[in-house]
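Asker: Here it is, the structure, as structure tokens.
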Amino acid sequence: MHNQKQELANKQRTYMRDQSQQKNISNDLHQEAESALNLALQLVAVHKFEKARKIFEHALTLDPQNSNILIEYGQFLEYHQKDLIRAEQFYTRALVHQPSNFRALELKKRTLPLVQEIDQKQFTLIDNLLKELYRIPDTNPYLRRAKRDAYYLHIYHSNAIEGNTLNLRETRYIVETRMAVPGKSLVEQQEVLGLDLALQYVNCTLVNRLGSITLEDILQIHRRVLGFVDPVQAGQLRKHQVYVGSFVPPTAAEVPDYLDDFLKWLNSLEDTRDLHAIELAAIAHYKFVYIHPFVDGNGRTGRLLMNLILMRSGFPPVIIKKFERLTYYSYLDQANDGDVRPLIRFVAKCTERTLTEFIHQSQPTRTTGQELRLNDGEDAEDNFMEERVIMVE
1 MHNQKQELAN KQRTYMRDQS QQKNISNDLH QEAESALNLA LQLVAVHKFE
51 KARKIFEHAL TLDPQNSNIL IEYGQFLEYH QKDLIRAEQF YTRALVHQPS
101 NFRALELKKR TLPLVQEIDQ KQFTLIDNLL KELYRIPDTN PYLRRAKRDA
151 YYLHIYHSNA IEGNTLNLRE TRYIVETRMA VPGKSLVEQQ EVLGLDLALQ
201 YVNCTLVNRL GSITLEDILQ IHRRVLGFVD PVQAGQLRKH QVYVGSFVPP
251 TAAEVPDYLD DFLKWLNSLE DTRDLHAIEL AAIAHYKFVY IHPFVDGNGR
301 TGRLLMNLIL MRSGFPPVII KKFERLTYYS YLDQANDGDV RPLIRFVAKC
351 TERTLTEFIH QSQPTRTTGQ ELRLNDGEDA EDNFMEERVI MVE
């Protein structure tokens, strides 16, 4: 469903990047990776699976594009870790780097239908959770509180992913009082106000409006996201090239055409009617951040766009949490390499989590929230403050 021009440009950039990376892998590293692979296979043969897993990962670190390592690790995951989804991802990665690899083709052909069945079961589970949520009256005071608290959590986490250091208590204080927190970065506090305005615009203007999502809608979202921090750039497409790590987005001259193609795809029933809402939201998010149409604020705008698509389909907005940042970025990288499904599964996981928490928190006998949140992997202060926001009126 990619536009042909975008797909070609993406493949060309991927090929050039891969060629450059491959040249940087010395023969010594390649030989060391092959030796590590052989050792891992020997460990598998004597049933030392945990040691084998670590050696496989070491081999991939040394030579991440080695098709033999990708295939062997995939088979290890499939047969000894019972992780069919990750195994199929490694077969796919092997094909990205070596499209004619017969062994990888056969393995992917065999596992893909099984993985698709697993994915479909996940969507069915999420759809059933959504039905359960809709059976809870909108007047339920506990659910209303949970939704209100989720609003502050979204602002906190979406900004924190981009490096904002304000904690949850400070974020909520700024939104509720419109007053500054002494001793804290003014720019970071302006980011909170901007995301608050953008969320209000999405919730109050775009979610229930009939019709297509337009370029003006995206510009208006971004104008609010960045309006307090950089009013000159807010709502303006970039005029120069930007770089995101090793990834090179389209040139500034290409951005309008890419956005036009993206919006035609997004609003086309023919292209999107067979996609689950979560698939559509995740793919749209990836396509948007791939274009990277703005100098700054692309991630926050892209996550708002993703949630707009979910909410128009009846789902609650989802939160990608601060501690998930590296995982989230790694899935965007995998999408750049040609496999967007890990990102889709990640958004599905976030959606399932949101639905489960809303259902749980709507019950008057709900727990203190410790079971739900203390294992999220955040630092102690953020965990404590998140509990306070969830549980305190």
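All the letters of the sequence shown, read from the start, carry residue numbers 1 to 393 under UniProt numbering. A virtual CB, placed ideally from N, CA and C, is assigned to each residue, including glycine. Keep in mind it's a predicted model, so treat the numbers as computed, not measured.
Which same chain residues, not among the five before or five after residue 21, have their C-beta less than 6 Å away from its C-beta?
Answerer: Taking the sequence shown and counting its residues from 1, one reaches residue 21 at position 21. Note that residue 21 scores 47 on pLDDT, short of 50, meaning its location in the model is unreliable; the coordinates nonetheless yield the value given after this. Hits under 6 Å: none found.
Asker: Is it true that the stretch 26–37 meets the stretch 56–65, where meeting means three or more beta-carbon pairs spaced less than 8 Å apart?
Answerer: yes
Asker: Between residue 75 and residue 87, how many whole angstroms is the CB-CB distance? I'm expecting something under 8 Å.
Answerer: Sequence index remark: in the sequence shown, residue 75 carries index 75 (1-based). Sequence index remark: in the sequence shown, residue 87 carries index 87 (1-based). Confirmed, about 7 Å.
Asker: Measuring only the C-alpha atoms, how far is residue 58 from residue 51?
Answerer: Taking the first residue of the sequence shown as 1, we reach residue 58 at position 58. Taking the first residue of the sequence shown as 1, we reach residue 51 at position 51. Rounded to the nearest angstrom, the two C-alpha atoms are 11 Å apart.
Asker: Can you tell me the Cβ-Cβ gap for residue 84 and residue 355, rounded? I've got them flagged as a contact below 8 Å.
Answerer: Reading the sequence shown from its first residue, position 84 is the one you call residue 84. Reading the sequence shown from its first residue, position 355 is the one you call residue 355. Rounded, the Cβ-Cβ distance is 25 Å, inconsistent with contact.
Asker: Based on the DSSP output, what are the partners of residue 247 in its beta bridges?
Answerer: Sequence index remark: in the sequence shown, residue 247 carries index 247 (1-based). According to DSSP, which records beta bridges pairwise, residue 247 is partnered with 244.
Asker: Quick check: what's the CA-CA separation for residue 176 versus residue 151?
Answerer: Mapped onto the sequence shown, residue 176 falls at position 176. Mapped onto the sequence shown, residue 151 falls at position 151. Roughly 12 Å separates the two Cα atoms.
Asker: Is it buried or exposed, residue 69, if we count other Cβ atoms within 10 angstroms and call 16 or more buried?
Answerer: As a first step, residue 69 must be located in the sequence shown, where it is residue number 69. Residue burial annotation: residue 69 is buried, with at least 16 other C-beta atoms found within 10 angstroms of its C-beta.
Asker: Could you give the first and the last residue of the continuous alpha helix (DSSP H) run that contains residue 120?
Answerer: Locating residue 120 in the sequence shown gives position 120, counting from the first residue. Residues 102–134.
Asker: Please state whether the Cβ-Cβ distance between residue 240 and residue 297 is less than 7 Å.
Answerer: For the purposes of this step, residue 240 is taken as the residue at position 240 of the sequence shown. For the purposes of this step, residue 297 is taken as the residue at position 297 of the sequence shown. Taking the C-beta atoms as reference points, residue 297 is found no nearer than 7 Å to residue 240.
Asker: With a floor of 4 residues, list each alpha helix (DSSP H) that falls wholly inside the UniProt domain "Fido" (213–349), ordered by position along the chain.
Answerer: Every alpha helix (DSSP H) of 4 residues or more that sits fully in the UniProt domain "Fido" (213–349) is shown, in chain order, as 215–226, 255–266, 269–272, 277–291, 298–312 and 325–336.
Asker: Going by CA-CA distance only, name the one from 343, 267 and 308 that's closest to residue 203.
Answerer: As a position in the sequence shown, residue 203 is number 203, starting the count at 1. Of 343, 267 and 308, the residue nearest in Cα terms is 308.
Asker: Secondary structure at residue 211, three-state DSSP: helix, strand or coil?
Answerer: Within the sequence shown, the letter at position 211 stands for residue 211. It is coil, neither helix nor strand.
Asker: Can you give the beta carbon distance from residue 90 to residue 77, rounded, assuming they're within the 8 Å contact cut?
Answerer: On the sequence shown, residue 90 is found 90 positions in, with the first residue counted as 1. On the sequence shown, residue 77 is found 77 positions in, with the first residue counted as 1. Rounded, the Cβ-Cβ distance is 7 Å, consistent with contact.
Asker: Measuring CB to CB, does residue 302 end up less than 7 Å from residue 288?
Answerer: By 1-based counting over the sequence shown, the position of residue 302 is 302. By 1-based counting over the sequence shown, the position of residue 288 is 288. In contact: residue 302 and residue 288 (Cβ atoms closer than 7 Å).
Asker: Among 243, 319 and 323, which one has its Cα closest to the Cα of residue 358?
Answerer: In the sequence shown, the residue the question calls residue 358 occupies position 358. Among 243, 319 and 323, the Cα nearest to that of residue 358 belongs to 319.
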